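Residue numbering for the sequence shown is -12 to 230, as defined by this note's numbering.
Where a beta carbon is used, it is the ideal one built from N, C-alpha and C, also for glycine.
Quick caveat, the model's predicted, so the values are computed rather than measured.
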Amino acid sequence: DAHQIPVHFEIFEVRNKNEVPGTDFDIYLSSGGPGSPLDSEGSDWEASYFNLITQLEAINRNPNRDDKKYAFFICHSFQLMCRHYRLGKVCRRKSTSFGIFPVNKTEAGQLETLLAGVDDPFYAVDSRDWQVIEPDEEQFAALGSTVLALEKERPTVELARCLMAIRFNEYFFGTQFHPEGDPYGMKDYLLHTEKKQQVIDLHGQAKYTEMLAFLDQPEKLARTQNEIIPSFLYHAVNALQEA
């Protein structure tokens, strides 16, 4: 498969241990939560995290540097970046979003290379109490950022649709959903007695049954898993090799 690229990787515990990588990596994947994307403002780990982001941005802006830095931000990290760039309102949802949901591409999303391998709508794992809504169009234009996907339409609910995917710039990309969601791993997780009861206690029997039924069609979620992050890695590596 053209998207299967051998890589060396390291894992850093940014929040728990204030471990932050240096700028000597080519590609950065910044993971999900849990937790509030607001409560950490002013913390030591967040200062270190955004200091790294600033350093990566400086390298990417430098015309004399060929070693550009690519980054992918997921869920909690996506919310942090939206707050950092002041792209919209980061707020708590009225209720937890938990499950596998359709995600709609915007017009720009239809043209986005990293979303070319998934349908419209495509399906993704969503697990969050927070969201980014009310995009600031002037700030998006100033930064050259683009909204690529939105939360599913809910015609019976008068609530803003949250932002689900953004290209922050040429090198930084982010998703509110979990593109790494594994349908087979999720099914095993949900069938485990203890986890089953946790999901039912938190979200109800109907949600549990709905998720299991959806996972009987694993190809929908597998396509998201197999396309988006692998495409990001593939295009980043190609660009770095051509530099």
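Would you call the CB atoms of residue i and residue j closer than 8 Å?
{"i": "Y57", "j": "A230", "result": "no"}
{"i": "P166", "j": "A209", "result": "no"}
{"i": "I153", "j": "T133", "result": "yes"}
{"i": "V90", "j": "A136", "result": "yes"}
{"i": "V1", "j": "W32", "result": "yes"}
{"i": "V186", "j": "L178", "result": "no"}
{"i": "V7", "j": "L39", "result": "yes"}
{"i": "E214", "j": "G104", "result": "yes"}
{"i": "F265", "j": "H(-5)", "result": "Nothing can be reported for residue 265, as the shown portion of the chain is limited to -12 through 230."}
{"i": "L220", "j": "K174", "result": "no"}
{"i": "S84", "j": "R115", "result": "yes"}
{"i": "L189", "j": "N156", "result": "no"}
{"i": "N47", "j": "Y195", "result": "no"}
Can you tell me whether residue i is helix, strand or coil according to DSSP?
{"i": "P205", "result": "helix"}
{"i": "A161", "result": "According to the sequence displayed, residue 161 carries Gly and not Ala. Strand."}
{"i": "A230", "result": "coil"}
{"i": "A111", "result": "strand"}
{"i": "F155", "result": "coil"}
{"i": "L177", "result": "helix"}
{"i": "S84", "result": "strand"}
{"i": "E138", "result": "strand"}
{"i": "D188", "result": "helix"}
{"i": "T133", "result": "strand"}
{"i": "V224", "result": "helix"}
{"i": "L150", "result": "strand"}
{"i": "P170", "result": "helix"}
{"i": "P217", "result": "helix"}
8 Å is my cut-off, CB to CB: does residue i come that close to chain C?
{"i": "Q204", "result": "As a matter of chain content, chain C is missing from the structure shown, which is built from one protein chain."}
Report, in whole angstroms, the separation of the C-beta atoms of residue i and residue j, which I expect to be a contact under 8 Å.
{"i": "E197", "j": "G86", "result": "7 Å"}
{"i": "Q97", "j": "D106", "result": "Not quite, the Cβ-Cβ distance comes to about 11 Å (not below 8 Å), so this is no contact."}
{"i": "G19", "j": "C62", "result": "3 Å"}
{"i": "S27", "j": "S64", "result": "Not a contact, Cβ separation roughly 11 Å."}
{"i": "T211", "j": "G168", "result": "7 Å"}
{"i": "S35", "j": "N3", "result": "About 13 Å separates the two Cβ atoms, so there is no contact after all."}
{"i": "Q118", "j": "R80", "result": "5 Å"}
{"i": "F59", "j": "M68", "result": "The Cβ separation is near 11 Å, so there is no contact."}
I'd like to know if the stretch 108 to 128 and the stretch 162 to 175 are in contact, where contact means that at least 3 CB-CB pairs between them fall below 8 Å.
yes
Could you name each continuous alpha helix (DSSP H) segment of 4 residues or more that falls completely within the stretch -5 to 80, going from the start of the chain to the end? 1 to 4, 31 to 48, 63 to 72
- prompt: Is the stretch 121 to 130 touching the stretch 209 to 229, taking contact as three or more C-beta pairs under 8 Å?
  reply: no
*Taking contact to mean at least 3 C-beta pairs separated by less than 8 Å, is the stretch 36 to 56 in contact with the stretch 136 to 153?*
no
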